[in-house]
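Enquirer: The structure that follows is given in the form of C-alpha cells.
Protein chains: 2
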Amino acid sequence: MNERARILVVDDEPQLTRVLRTGLKSRGYDVRAAADGLSGFETFNDWHPDLVITDLAMPNVDGLELCRRLRAVSQVPIIVLSAKGEEKTKVEALDLGADDFVTKPFGIDELLARVRASLRRASASAINSPAQTTLDSGDFHVDLESREITVSGNSVHLTPKEFDLLVYFIKHSGKVLTHRTLLAAIWGGNYVEQNEYLRVFVGTLRKKIEPDSTSPRYILTEPWIGYRFDPGPAE
Amino acid sequence: MNERARILVVDDEPQLTRVLRTGLKSRGYDVRAAADGLSGFETFNDWHPDLVITDLAMPNVDGLELCRRLRAVSQVPIIVLSAKGEEKTKVEALDLGADDFVTKPFGIDELLARVRASLRRASASAINSPAQTTLDSGDFHVDLESREITVSGNSVHLTPKEFDLLVYFIKHSGKVLTHRTLLAAIWGGNYVEQNEYLRVFVGTLRKKIEPDSTSPRYILTEPWIGYRFDPGPAE
DNA sequence: CCGTCTTTACAAACTCTTTATGGAACCTTT
DNA sequence: AAAGGTTCCATAAAGAGTTTGTAAAGACGG
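So the sequence lines, in the order shown, correspond to chains C and W.
Just so it is clear: in the first sequence, position 27 is 27 by this note's numbering, and no numbers are missing.
Position in the second sequence counted from 1, then plus 1000, gives you this note's numbering.
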C-alpha cells in the first residue's frame, strides 16, 4: 500500500477505455491501457501491474487467450468485462483463472468495488502464506487440525465433504467460483458435471451456517456460473 | 488444566481492557491487566500467566517489542490484537513468535475461541515434553511410570495397547485424530489400514472409561475421519 | 492356562448419491 | 415491455454404499 496500485486495462473500445482510465485514476490508481490482448500481454510483462481488467471480445488475442497467457506466468488478479448473455464465455474465463467479472453495461462504482475487493484479496493471501493451521475470514474461524469451525463464535459440526467445501469457499472468499471449479476441487476431476452434488451440499451447508438459509448471506449464488463466498464484515 | 488458566491482558485502552477482563473472567479464567508493554513484561515475570493477549500499538514498550522480549524467555502463547489495516505489523508479530491475531473490532466470542485454541495447543505441547512423568487432563490422571490411570478418581485397569491409545488421546485432546494417525502411532506404520483394530480397542476403552458407553462422552466419533478425545471439564 | 491381541461377522448409524418437484432466472418471441 | 418456454436452482426425501459398534471366536505368548 506504499505505492499506488497499478491497473492494466485491456479493451478495444476507446470510449470505454477512456471512462475506465478516468474513473480509476480519480481513485488514485496508476493506470495503463492496451487496445488488444497481444499488446496487453506485452504491457503486462513490461509493467507488472497489480491487477488486470480485460474485455472478452477483442481483436488479435482475445480475453480468454489473454487469461490463459497471464495465468501461465502470474497470479495477478483478473477482472473480466463481458456483455450480457455471454455466460458461457464468462465461465470459460473464470475456469481459466479469472477472479471476477462485471457485466456490461456497468456503473463505474460497481467496477471500483470489485477492483478494491480483488486487490484486498491479493494482498491478504500474500499475508496468510506461512504454513497455517488456522484460517480466518470475516465471521469464520477454522482450525484445520482439529477440524473445528466457528461462525460468529458458534461452533458448527460439518461432515467431511461439507468441511472441505466450506474451507475451499473461505480460502477463495470473494472470488467467483464456477460449478466446474468447485466440483473439481472437492470431488475431483471426474465429477465436474455433477452439478446436483453441489446443489445439495450448498443447501446443507447453508442450513448449518446461514442465519436465514432462505436469503443467504455468506454463500451467494451466481446464476448460470457458480457461487461466491462472502465471509462477512471485512477486517 | 486443574487450575484456572491465567491470562495476562496488555492494552492501553481502559475500555477494551475492561471488556476483556469481564469476558474472560466470566469464562473462568484468572485475569490480570497491564497498560503498557513494560509493565506487562514485569507482570509476566511475577505472575507467569498461561497466555498473553497484547495490543500492538502501545506506549513505552509496544506489542512487537513485547513479543520479542517474551519469546526470549518463554514459549507462552501470545495472541495479538491489531487494528484494521496493520497487516504488515501483524506479519511482524507472527514472525516474532505470536501464535494468533485478532483484528479489531472483534466479538468477545471470537476472542474466546482463539484463547481456547491457543491454550489447548500449548497444553498439548507442554504435555509432550520429555521429562513428564505424570499427565493431567480433565477427569483423567495418568502416571506414565507406573502406567496407572484414574478417571474422576476411579482407577481403571487397562491392557498395554489400551493404555497407549488412551495416553495418545489425552496428549492430543480436542484434536481430530484420523484412523491412519492413530494406527500409525499405536501399531506402527505397517498397520495404517487395519481400522478394525481401532474399532475394537476404542470399544473396549469406552467400556472401561465411559460412564455410559452407548453415548460416549470422552472418546467421540468423527464419522469417516477418526476420533476426537474430549477430556471433560477443562477448568 | 490366562490374559491379551487379532480376526471375523453382522446389525446399526451415518454420509453420500440420486431422484423428484416447485420455484427462480434467463432467453426468445411478439 | 410482456408472455411463454427453457434451463437452472433450492429443497426434501428415498436409496445405496460405507463406516462404525459390538460380540465372540481363534491365535499368540508368558
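Where a beta carbon is used, it is the ideal one built from N, C-alpha and C, also for glycine.
Remember, it's a predicted structure, so these values are computed and weren't measured experimentally.
Can you give me the C-alpha to C-alpha distance between Val76 of chain C and Asp50 of chain C, rounded to a whole angstrom?
Expert: 6 Å
Enquirer: Which value, in whole angstroms, describes the spacing of the CA atoms of Gly226 of chain C and Leu112 of chain C?
Expert: Distance from the CA of Gly226 of chain C to the CA of Leu112 of chain C, rounded to the nearest whole angstrom, comes to 22 Å.
Enquirer: Measure the C-alpha to C-alpha separation of Gly1063 of chain W and Val1115 of chain W and round it to an integer number of angstroms.
Expert: 18 Å
Enquirer: So, using beta-carbon positions, are Thr43 of chain C and Ile78 of chain C closer together than 8 Å?
Expert: no
Enquirer: Assess contact between the region 65-74 of chain C and the region 96-103 of chain C, defined as three or more Cβ pairs (one per stretch) separated by less than 8 Å. Is contact present?
Expert: yes
Enquirer: Is the separation between the beta-carbon of Pro1243 of chain W and that of Gly1174 of chain W shorter than 8 Å?
Expert: The structure shown does not extend to residue 1243 of chain W, since chain W is modelled only from 1001 to 1235, so the question has no answer here.
Enquirer: Cβ atoms of Val73 of chain C and Ala34 of chain C: under 8 Å apart, would you say?
Expert: no
Enquirer: In or out: Gly1188 of chain W buried (at least 16 other Cβ within 10 Å) or exposed?
Expert: exposed
Enquirer: Among residues of its own chain, excluding the 5 on either side of His141 of chain C, which ones have a beta-carbon nearer than 6 Å to its beta-carbon?
Expert: Apart from sequence neighbours up to five positions away, the residues of its chain that approach His141 of chain C with a beta-carbon distance below 6 Å are Thr150, ordered along the chain.
Enquirer: Which term fits Thr17 of chain C, buried or exposed, when burial requires 16 or more other beta carbons within 10 angstroms of its beta carbon?
Expert: Thr17 of chain C is classed as buried because its beta carbon has at least 16 other beta carbons within 10 Å across all chains shown.
Enquirer: Under the DSSP definition of a beta bridge, which residues are partnered with Leu78 of chain C?
Expert: The amino acid occupying residue 78 of chain C in the given sequence is Ile; Leu does not appear at that position. BP columns for Ile78 of chain C point to C:Val52.
Enquirer: Determine the direct distance from the alpha carbon of Gly153 of chain C to that of Glu1110 of chain W, and round the result to whole angstroms.
Expert: 5 Å
Enquirer: I'd like to know whether the C-beta atoms of Glu1222 of chain W and Pro1216 of chain W end up nearer to each other than 8 Å.
Expert: no
Enquirer: What is the DSSP secondary structure of Leu205 of chain C, reduced to helix, strand or coil?
Expert: helix
Enquirer: Lys1175 of chain W versus chain C: which residues are under 8 Å apart at the beta carbon?
Expert: Result: Glu145 and Ser146.
Enquirer: Can you give me the start and stop residues for the alpha helix (DSSP H) that Val151 of chain C sits inside?
Expert: Careful: Val151 of chain C lies outside any alpha helix (DSSP H), inside the beta strand (DSSP E) at Glu148 to Val151.
Enquirer: Alpha carbon to alpha carbon, what distance is there between Asn1045 of chain W and Val1031 of chain W?
Expert: 15 Å
Enquirer: Could you name the residues of the same chain whose beta carbon sits closer than 7 Å to that of Ala1093 of chain W, not counting the 5 residues immediately before and after it, in chain order?
Expert: Leu1056, Gly1063, Leu1064, Cys1067, Val1080 and Phe1101
Enquirer: For Glu1013 of chain W, which of W:Arg1021, W:Leu1135 and W:Ser1026 has the nearest alpha-carbon?
Expert: W:Arg1021
Enquirer: Can you find a C-beta in chain C that's less than 8 Å from the C-beta of Ala1185 of chain W?
Expert: no
Enquirer: Could you check the C-alpha separation between Leu1182 of chain W and Val1192 of chain W for me, to the nearest Å?
Expert: 8 Å
Enquirer: Does Ser137 of chain C come out as helix, strand or coil in the three-state DSSP assignment?
Expert: strand
Enquirer: Mapping the DSSP letters down to three states, classify Thr103 of chain C as helix, strand or coil.
Expert: In the structure shown, the three-state DSSP call for Thr103 of chain C is strand.
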